[in-house]
Amino acid sequence: MSHPPTTPPPPPTTPPSPPGFGRGAKVVIGLLVVAILATLVVGAVVVATRGTGGDDRAAPKLAADEDRTVRPESLPAEAERLEVEGSSEGRYGRDMRAAIADVDAFWRRAYPGTFGERYRTVQGGLYAVTDRDRRVPCTESAADVEGNAFYCPSEDVVAWDADDLIPHMVETYGPLGLGLVIAHEWGHAVQSRAGESEQAPVLVLEQQADCYAGAWVADVRRGGDRRYFVVNDRTLDLALAGFLELRDTPGTTRADAGAHGTAFDRIRAFQEGVDGGPSTCGYTADDLAPRLVDLPFTDQADFDSGGNLDLQDAFDLTVADLEDFWTEAWSSVGGDGRFDAPEVKVFSTKDRPRCDRPVGLSKEVFYCADTNVLAVQEDGLVTELHARIGDYALGEVVGSGYSLAAMHQLGILDRDAASRTRTADCLAGVWSASVFSRNRESAQLQLSPGDLDEAVSALLSTAERREGSGSGAERVAAYRDGFMDGADACLR
Numbered sequence: 016m017s018h019p020p021t022t023p024p025p026p027p028t029t030p031p032s033p034p035g036f037g038r039g040a041k042v043v044i045g046l047l048v049v050a051i052l053a054t055l056v057v058g059a060v061v062v063a064t065r066g067t068g069g070d071d072r073a074a075p076k077l078a079a080d081e082d083r084t085v086r087p088e089s090l091p092a093e094a095e096r097l098e099v100e101g102s103s104e105g106r107y108g109r110d111m112r113a114a115i116a117d118v119d120a121f122w123r124r125a126y127p128g129t130f131g132e133r134y135r136t137v138q139g140g141l142y143a144v145t146d147r148d149r150r151v152p153c154t155e156s157a158a159d160v161e162g163n164a165f166y167c168p169s170e171d172v173v174a175w176d177a178d179d180l181i182p183h184m185v186e187t188y189g190p191l192g193l194g195l196v197i198a199h200e201w202g203h204a205v206q207s208r209a210g211e212s213e214q215a216p217v218l219v220l221e222q223q224a225d226c227y228a229g230a231w232v233a234d235v236r237r238g239g240d241r242r243y244f245v246v247n248d249r250t251l252d253l254a255l256a257g258f259l260e261l262r263d264t265p266g267t268t269r270a271d272a273g274a275h276g277t278a279f280d281r282i283r284a285f286q287e288g289v290d291g292g293p294s295t296c297g298y299t300a301d302d303l304a305p306r307l308v309d310l311p312f313t314d315q316a317d318f319d320s321g322g323n324l325d326l327q328d329a330f331d332l333t334v335a336d337l338e339d340f341w342t343e344a345w346s347s348v349g350g351d352g353r354f355d356a357p358e359v360k361v362f363s364t365k366d367r368p369r370c371d372r373p374v375g376l377s378k379e380v381f382y383c384a385d386t387n388v389l390a391v392q393e394d395g396l397v398t399e400l401h402a403r404i405g406d407y408a409l410g411e412v413v414g415s416g417y418s419l420a421a422m423h424q425l426g427i428l429d430r431d432a433a434s435r436t437r438t439a440d441c442l443a444g445v446w447s448a449s450v451f452s453r454n455r456e457s458a459q460l461q462l463s464p465g466d467l468d469e470a471v472s473a474l475l476s477t478a479e480r481r482e483g484s485g486s487g488a489e490r491v492a493a494y495r496d497g498f499m500d501g502a503d504a505c506l507r
């Protein structure tokens with residue numbers, strides 16, 4: 016995030032409908048966060064590559080080790096029968112075989128009903144690539160596959176880096192994270208069979224492949240414990256955290272060569288596949304254009320800082336902007352009279368404010384309705400998130416906490432923990448949409464590239480900080496709903 020410039024920059028490429036907040040307002044824009052399985056088209060090769068971020072921004076704080084290794088001991092018979100080329104499948108060859116067999120079996124069932132024709136599995140070969148391999152189809156050398164997985168339509172081949180990418184994905188994000196890599200790449204194979212990749216822009220193909228991956232995950236979840244891959248709140252949150260790492264560089268726009276769309280857009284596509292199956296994934300460029308947004312760096316200073324303010328500036332400006340937003344938006348969200356801004360108290364572990372009934376997402380950020388105080392621990396969660404993720408991680412957590420004060424005054428604070436958390440996150444998304452759209456003359460903040468990446472990372476990192484508050488996937492969906500559809504999506 017950054018200070019608003021003295022001379023306002025041009026409005027976002029796809030401006031939302033004014034006012035961008037309030038009851039019934041619709042913000043029809045895409046969300047600039049992170050790329051899920053960022054893919055490149057190089058000649059005829061569709062490549063999924065680790066992004067330049069190179070960090071696991073959410074994963075370390077998400078789950079215990081057992082959540083990264085949940086799977087039955089036996090390998091499905093169809094996976095044992097697969098022929099995999101290459102000098103070595105690596106130490107996670109079983110997981111890769113299981114992913115390929117499971118995704119392929121899904122499409123054997125789903126493809127005829129989706130496209131009205133017979134399904135053909137990948138015919139050109141499956142390649143586990145290490146630095147000892149000399150020939151890899153569609154590439155000049157094994158080095159071209161380093162850190163990547165790809166589908167090559169000209170030779171109908173799927174290949175992957177067995178030395179680096181696969182161990183990293185399994186050890187950091189669990190077998191399901193690896194499964195999503197294969198489900199995404201197999202989605203490109205499906206596009207080739209259905210004739211969808213002949214004219215479609217890269218952005219459309221990537222959104223569609225993410226949607227297909229979501230359809231596979233939903234199928235796995237319906238299979239329960241009989242499946243090699245286990246989908247529950249924790250394993251899915253870990254897999255989603257992998258999307259944060261495999262991302263486009265902040266500041267990338269759709270005009271840049273190799274741009275793939277934003278991760279928040281791609282998470283939406285993924286969740287549409289989860290909810291509606293592969294038949295919902297028939298995207299066109301016209302469908303997606305209103306949802307995609309460009310958010311480049313606006314000046315050299317913002318670029319040099321990576322779009323991050325220091326901790327104190329970020330905190331002070333966030334609080335000031337939240338008060339400005341809620342004061343201006345109050346009547347449009349159904350509030351009576353004037354919005355009574357909460358007092359924000361920063362405390363240390365030694366002087367925690369007294370509160371008979373604290374409500375919040377964690378012990379470090381909570382709201383006290385009796386005194387209208389939002390308490391934020393200075394040496395706890397907010398400081399850690401700012402240092403590890405970035406300034407808008409702080410913004411999301413404080414924004415969701417601030418929403419609790421508005422919910423109290425609207426008379427909806429007494430929801431169950433999961434509903435209350437989703438509503439607070441959703442309203443934080445409404446506030447973020449207002450910051451993005453610059454629809455307030457007195458705004459204190461401006462979004463920088465990568466800020467919404469940081470918000471999603473914070474949502475995943477803080478999931479279940481209080482028991483029953485909901486999964487990270489649910490919280491991300493709620494935040495997106497508020498950002499896209501306004502307060503109506505949060506208050507209905």
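Numbers in our numbering are just positions in the sequence shown, counted from 1, shifted up by 15. Beta carbons are placed, not taken as given, at the ideal position from N, Cα and C, and that holds for glycine.
What is the DSSP secondary structure of residue i, counted as helix, strand or coil?
i, result
"Gly487", "helix"
"Phe498", "helix"
"Cys383", "strand"
"Ser363", "coil"
"Gly66", "Its pLDDT being 40, under 50, Gly66 is placed unreliably by the model, and nothing is read from it."
"Ser377", "coil"
"Glu95", "helix"
"Asp82", "With a pLDDT of 48 at Asp82, under the threshold of 50, the modelled position of this residue cannot be trusted, and the question is left open."
"Glu358", "strand"
"Thr54", "In this predicted model, Thr54 has a pLDDT of only 36, less than 50, meaning its place in the structure is not dependable enough to derive any value."
"Gly45", "Since pLDDT at Gly45 reaches only 23, below the 50 mark, its modelled position is unreliable, and the value read off the structure follows with that caveat. Three-state DSSP puts Gly45 in coil, outside helix and strand."
"Leu220", "helix"
"Cys296", "coil"
"Pro33", "With a pLDDT of only 27 at Pro33, under 50, the local geometry of the prediction cannot be trusted, and the value read off the model is given with reservation. Three-state result, Pro33: coil."
"Arg353", "coil"
"Ser508", "In the structure displayed, the chain extends from 16 to 507; residue 508 sits before or after that span and is not available."
"Pro368", "coil"
"Gly105", "coil"
"Pro26", "Caution applies to Pro26, whose pLDDT of 46 falls short of 50 and renders its modelled position unreliable; the value that the coordinates give is listed next. Reduced to three states, the DSSP call for Pro26 is coil."
"Ala493", "helix"
With respect to the beta strand (DSSP E) encompassing residue i, which residues constitute its N-terminal and C-terminal limits?
i, result
"Trp175", "172 to 176"
"Cys167", "163 to 167"
"Val144", "140 to 144"
Take residue i as the anchor and find which of the options has the nearest alpha-carbon.
i, options, result
"Gly288", "Val450, Arg490, Asp178, Arg236", "Arg236"
"Thr386", "Asp331, Pro368, Thr438", "Pro368"
"Val193", "Val217, Cys226, Ala256", "Before going on, a small fix: residue 193 reads as Leu here, not Val. Of the listed residues, the one whose Cα sits closest to Leu193 is Ala256."
"Gln222", "Asp178, Asp302, Asp171, Glu161", "Asp302"
"Ser102", "Leu251, Ala157, Pro190", "Ala157"
"Gln206", "Tyr243, Asp176, Tyr298, Asp146", "Tyr298"
"Ala390", "Arg403, Gly416, Ala408", "Gly416"
"Pro168", "Glu132, Val137, Asp440, Asp176", "Val137"
"Ile427", "Gly414, Leu442, Val413", "Leu442"
"Leu191", "Asn247, Gly487, Ala94, Glu170", "Asn247"
"Asp371", "Leu467, Glu393, Ala335, Cys383", "Cys383"
"Gln392", "Ala502, Val172, Thr295, Ser377", "Ser377"
"Glu100", "Val144, Glu132, Gly229, Leu90", "Val144"
"Val491", "Val450, Gln461, Gln459, Ala433", "Ala433"
"Ala92", "Tyr188, Leu218, Tyr243, Ala228", "Tyr243"
"Leu324", "Gln459, Ala439, Arg353", "Gln459"
"Val388", "Ala421, Ala402, Ala233, Glu161", "Ala421"
"Pro182", "Arg435, Gly162, Trp201, Glu411", "Gly162"
"Ser508", "Phe340, Thr295, Ala254, Val219", "A question about residue 508 goes unanswered here, because the residues of the chain that appear run from 16 up to 507."
"Ala493", "Arg437, Ala473, Thr477, Gly465", "Arg437"
Looking at the unbroken alpha helix (DSSP H) that takes in residue i, where does it start and where does it end?
i, result
"Ala116", "108 to 130"
"Gln14", "Outside the shown range of the chain (16 to 507) lies residue 14, about which nothing can therefore be said."
"Gly416", "406 to 425"
"Ala344", "326 to 344"
"Leu474", "466 to 476"
"Ser449", "432 to 452"
"Phe258", "248 to 260"
"Leu396", "396 to 403"
"Cys505", "503 to 506"
In the DSSP output, what is residue i paired with across the bridge?
i, result
"Tyr243", "Answer is none; Tyr243 lacks a bridge partner."
"Arg213", "The sequence given here places Glu at residue 213; Arg does not occur at that position. In the DSSP output, where bridge partners are listed per residue, Glu213 has none listed."
"Glu100", "Tyr142"
"Gln459", "Paired residue(s): none; Gln459 is not in a bridge."
"Ser17", "Gln461"
Within the present structure, is the beta-carbon of residue i separated from the nearest heavy atom of the ligand SAH by less than 6 Å?
i, result
"Gln214", "Absence of the ligand SAH from the depicted structure is noted, as is the absence of any ligand whatsoever, leaving it without description."
If we cut at 7 Å on Cβ distances, does residue i have a partner in chain D?
i, result
"Arg123", "This model lacks chain D altogether; it includes just one protein chain."
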